[in-house]
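*Asks:*
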Amino acid sequence: MGKGIPGLEQTYHVFFIVVLIILAVMLLLCLLRAIIGPRIADRIVSVNMMGTMVMVMIGILAVMMEEGYLADICLIYAMISFLAVIVLTKVYMGVYLEKKEKKEGEKGDA
Numbered sequence: 001m002g003k004g005i006p007g008l009e010q011t012y013h014v015f016f017i018v019v020l021i022i023l024a025v026m027l028l029l030c031l032l033r034a035i036i037g038p039r040i041a042d043r044i045v046s047v048n049m050m051g052t053m054v055m056v057m058i059g060i061l062a063v064m065m066e067e068g069y070l071a072d073i074c075l076i077y078a079m080i081s082f083l084a085v086i087v088l089t090k091v092y093m094g095v096y097l098e099k100k101e102k103k104e105g106e107k108g109d110a
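Those letters in the sequence shown? Residues 1 to 110, per the working numbering, in order.
Now the structure itself:
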């Protein structure tokens with residue numbers, strides 16, 4: 001990462017720090033959307049986006065610190081994040097279908 005050019009290493013380091021700070025602010029905004037979000041779909045998309053941003057942050061740290069094992073951690077985190085979103089979607093769909101059946105049952109009784 002810029003070993004031959006003087007000053008380039010420091011420039012990369014500053015750039016990575018700035019990008020990590022911007023991603024941290026965006027991560028907090030996504031957390032706010034996940035808490036406030038008027039619909040459950042907003043919350044699910046926000047959680048998915050948070051997972052993606054954390055993966056990008058881990059990738060930047062892997063390049064910045066020149067540690068290869070962080071790339072493996074990033075891949076594992078990607079799988080866990082994907083499964084979390086699938087589970088949240090399945091739970092939401094189950095609750096939605098249950099409410100829908102309950103409303104149809106109430107209409108049929110009346």
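Where is the CB? At the ideal position from N, CA and C, for every residue including glycine.
DSSP three-state label for Arg-39, please.
*Replies:* coil
*Asks:* Does the segment 88-105 come close enough to the segment 38-51 to have 3 or more Cβ pairs within less than 8 Å?
*Replies:* yes
*Asks:* At which residue ranges does the segment 74-107 contain complete alpha helix (DSSP H) runs of 4 or more residues, listed in the order of the chain?
*Replies:* none
*Asks:* Check whether the segment 49-57 touches the segment 19-34, taking contact to mean three or more Cβ pairs, one atom from each stretch, closer than 8 Å.
*Replies:* yes
*Asks:* Determine the contact status of Met-53 and Leu-20, defining contact as a CB-CB distance below 8 Å.
*Replies:* Not a contact, by the Cβ cut-off of 8 Å.
*Asks:* Taking DSSP as the reference, what is the three-state secondary structure of Glu-66?
*Replies:* DSSP places Glu-66 in coil when its eight states are reduced to three.
*Asks:* Taking DSSP as the reference, what is the three-state secondary structure of Gly-7?
*Replies:* coil
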